[in-house]
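**Student:** What follows is a single structure, and I will ask about it in a moment.
Protein chains: 2
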Amino acid sequence: VPLSKTELKNLKSLLTKKGRKKSGMFLAEGVRLLEESVRWRFLPRTVYYAPFMLSTRAEKLIRQLRGRAVETVQLSARDLRSMSDTESPQGIVGLFARPDTKLAKLYQPKHRKLVLCEDISDPGNLGTLARSSLAFGFDLMLLCGSSAEPYSPKVVRASAGAVFGLQIAVVTLKEVYAFVAQEEVTVIAADLKTEYDAKLPKRTLPKRRIVLAVGSEATGLSKGILQRADIRVRIQHLRAVESLNAAVAGSIIMKEIYDLSH
Amino acid sequence: VPLSKTELKNLKSLLTKKGRKKSGMFLAEGVRLLEESVRWRFLPRTVYYAPFMLSTRAEKLIRQLRGRAVETVQLSARDLRSMSDTESPQGIVGLFARPDTKLAKLYQPKHRKLVLCEDISDPGNLGTLARSSLAFGFDLMLLCGSSAEPYSPKVVRASAGAVFGLQIAVVTLKEVYAFVAQEEVTVIAADLKTEYDAKLPKRTLPKRRIVLAVGSEATGLSKGILQRADIRVRIQHLRAVESLNAAVAGSIIMKEIYDLSH
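Read top to bottom, the protein sequences are chains A and B.
Going left to right, the first sequence walks through residues 27 to 288 as the numbering used here numbers them.
Going left to right, the second sequence walks through residues 27 to 288 as the numbering used here numbers them.
In structure tokens:
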């Protein structure tokens, strides 16, 4: 049964923020991303594919998805391209339900390492930070301010599928303040404006629950977060550049924290 | 004097690879990038601006550029937008001559730290690596394989202006092999496929000239480069993700090398 015009229109609307908000769904396309979704057992509701565009690897993936009772729907190459966000679509797009992004639902006391992204509006940077978060053992990502939407096509792609494995909460600053006040956490601020080259204290760190706060390149972290920071770290580098890329800076500190506990 | 249609067409052509190749020129837009060009004394030939779009900061920059004998040309907002690559143009675009990218012209024996990017085709990643290179004291960047074009609008933007301060050579693999054979260098390969968690040797490193080789996320470094590597390093991380983002991985190793010599 081919898709109706309305169904296709609804799917295309998921390329926009408005459409995703309205439906509570999002799209992820390409073989690698969908393989990651399978690996994380974050299965699509439906997979759309255009048979003539598929690689052998994509065909195998579709069989695998069917084996897990995922609905698969065949489309024309033209229809499939119309719901694609990339320049060279691979003929396979998954439709997913957006997970709950409420902090109260996601946070568990067993979480040891959290990362807070404030005003990380570039989807590439946010996706990259999600990927590094998983790589360096962060359990939960909190997004506040003007941070990008976690399930937009660009973030999903830049994350290389990490959004399927990482818990992501969208929070207000007030929620952050309340959380930091209630829970026993050490807040580590990646502070690009700190004058001194602060380093992480080597021994005390791994014992406490930590929240690593990463701000935007343009303005850094807000005052409210900085005031609540127990430790401010600045990555040492030459003054040849004003600052590092936000995803690079965040990832370097994640890596340092990871090294302290491994 | 308003721009002729041909002049405007030529400028717009610089948004394409073909146009840049033909003319040997490139564009950089926005206040921050042009401020960086001034800071690095890599001045534009001409600056185009639309008066009604300018912030006070942009107006100050234009006066500064005029003070340095840079030609400034007033355009209509419409014409200026047509030569812009961004969603919210700031009303100011600089026209630059592409620097020489020949290794023989750029390499100097005093260079201590070089970074080689193989198949870094994503402009955002390449720009980010250029920025980290400057931050961590790398003197020269070599680009080979399918790496992105260093003076494309996306690379220039992602570099946050680092392309104005960093020397960048575009090389063939053959040139890389010859260079490595002739010069006294330690080749450090960021090898995502190395089985063991190799670490940098702490003491011997800073004395020799080094070439840090960074490959693509999809395929890693080519055999020819890996065979010539003196040291292979893999960044330790959880197996929750297959690999890190290439710019993050490269930057983390640059930072480790920087720390060894500071």
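Backbone N, C-alpha and C fix where the C-beta goes; we use that ideal spot for every residue, glycine too.
Would a C-beta distance cut-off of 8 Å place C143/A and V240/A closer than the cut-off?
**Tutor:** Cβ atoms of C143/A and V240/A: closer than 8 Å.
**Student:** Can you pull out the residues from the stretch 266-281 of chain B whose beta carbon lies closer than 7 Å to at least one beta carbon of chain A?
**Tutor:** Here the close residues are A266, V267, L270, N271, A273, V274, S277, I278 and K281.
**Student:** Scan the stretch 34-64 of chain A and note each continuous beta strand (DSSP E) run of 3 residues or more that stays entirely inside, going in chain order.
**Tutor:** Within the stretch 34-64 of chain A, the complete beta strand (DSSP E) runs of at least 3 residues are 51-55.
**Student:** Quick one: list the residues of chain B neighbouring A188/A, beta-carbon separation under 7 Å, in chain order.
**Tutor:** Residues of chain B passing the Cβ test: V267.
**Student:** How far does the beta strand (DSSP E) with L80/A in it reach, from first residue to last?
**Tutor:** Premise fails: L80/A is in no beta strand (DSSP E) and is neither H nor E.
**Student:** Output the boundary residues of the beta strand (DSSP E) element that contains F122/A.
**Tutor:** Start and end: I118 to A123.
**Student:** How about S158/A: is its C-beta nearer than 8 Å to some C-beta of chain B?
**Tutor:** Judged by the 8 Å Cβ criterion, S158/A is in contact with chain B.
**Student:** Going straight from the alpha carbon of L80/A to that of T112/A, what length do you get?
**Tutor:** Looking at the two C-alpha atoms, the distance is approximately 15 Å.
**Student:** Output, in chain order, the set of chain A residues within a Cβ distance shorter than 8 Å of H288/B.
**Tutor:** Those are Q262, listed as they occur along chain A.
**Student:** Can you confirm whether Y284/A, when its beta carbon is compared against all beta carbons of chain B, has any partner nearer than 8 Å?
**Tutor:** Yes, its Cβ sits closer than 8 Å to a Cβ of chain B.
**Student:** Smallest Cα separation from R107/B: which of L53/B, E282/B and L238/B?
**Tutor:** The shortest C-alpha separation from R107/B is found at L53/B.
**Student:** Which residues of chain A have a Cβ atom closer than 9 Å to the Cβ of G163/B, listed in chain order?
**Tutor:** Here the neighbours are H263, L264 and A266.
**Student:** Please tell me whether T154/A has its Cβ less than 8 Å away from any Cβ of chain B.
**Tutor:** Chain B, which has a Cβ nearer than 8 Å to the Cβ of T154/A, makes this yes.
**Student:** Does the beta carbon of G150/A sit closer than 8 Å to a beta carbon anywhere in chain B?
**Tutor:** Yes, G150/A lies at the interface with chain B (some Cβ there is under 8 Å from its Cβ).
**Student:** Compare the C-beta of G93/B with all C-beta atoms of chain A and state if any pair is closer than 8 Å.
**Tutor:** Not closer than 8 Å to any Cβ of chain A, the Cβ of G93/B fails to qualify, so no.
**Student:** Can you tell me whether A195/A is helix, strand or coil according to DSSP?
**Tutor:** If DSSP states are grouped into helix, strand and coil, A195/A belongs with the strands.
**Student:** Mind checking if G56/B is an interface residue toward chain D, Cβ cutoff 8 Å exclusive?
**Tutor:** In the displayed structure, chain D is absent; the protein chains listed are A and B.
**Student:** Can you name the start and end residues of the beta strand (DSSP E) that M280/A belongs to?
**Tutor:** Looking at the DSSP string, M280/A is not in any beta strand (DSSP E); the run it does join, the alpha helix (DSSP H), is A272 to L286.
**Student:** Going along the chain, which residues of the stretch 189-204 of chain B sit with their C-beta nearer than 8 Å to a C-beta in chain A?
**Tutor:** So the list reads G191, given in the order they occur along the chain.
**Student:** Just how far apart, CA to CA, sit A95/A and L87/A?
**Tutor:** So the two alpha carbons sit approximately 13 Å from each other.
**Student:** Tell me the rounded alpha-carbon separation between L132/A and G246/A.
**Tutor:** For L132/A and G246/A, the distance between alpha carbons rounds to 26 Å.
**Student:** Where does T212/A sit, in a helix, a strand or coil, going by DSSP?
**Tutor:** It is a strand residue.
**Student:** Given a cut-off of 8 Å on the beta-carbon distance, is the pair S287/A and I146/A in contact?
**Tutor:** Taking 8 Å as the Cβ cut-off, S287/A and I146/A do not qualify as a contacting pair.
**Student:** Would you check if the distance between the CB atom of A84/B and the CB atom of G120/B is smaller than 8 Å?
**Tutor:** No, they are not a contact pair.
**Student:** What are the boundary residues of the beta strand (DSSP E) that includes T98/A?
**Tutor:** First-last of the beta strand (DSSP E) with T98/A: E97 to Q100.
**Student:** On a Cα-Cα basis, can you pick out the residue from L29/A, K35/A, S39/A and L59/A that is closest to V189/A?
**Tutor:** With distances taken between Cα atoms, V189/A lies closest to L59/A.
**Student:** Skipping 5 residues on each side, what residues in its chain have a beta carbon closer than 6 Å to that of R254/A?
**Tutor:** Closer than 6 Å at Cβ, skipping near neighbours: V206 and V213.
**Student:** Answer with buried or exposed for P28/A, where buried requires no fewer than 16 other C-beta atoms within 10 angstroms of its C-beta.
**Tutor:** The residue in question, P28/A, is exposed, as its Cβ has fewer than 16 Cβ neighbours within 10 Å.
**Student:** Looking at G191/B and A244/A, is the spacing between their C-beta atoms short of 8 Å?
**Tutor:** No, the Cβ-Cβ distance between A244/A and G191/B is not below 8 Å.
**Student:** Near K281/A, what residues of its chain come up, given a Cβ to Cβ distance below 7 Å and the 5 sequence neighbours on each side ignored?
**Tutor:** So the qualifying residues of the chain are F162.
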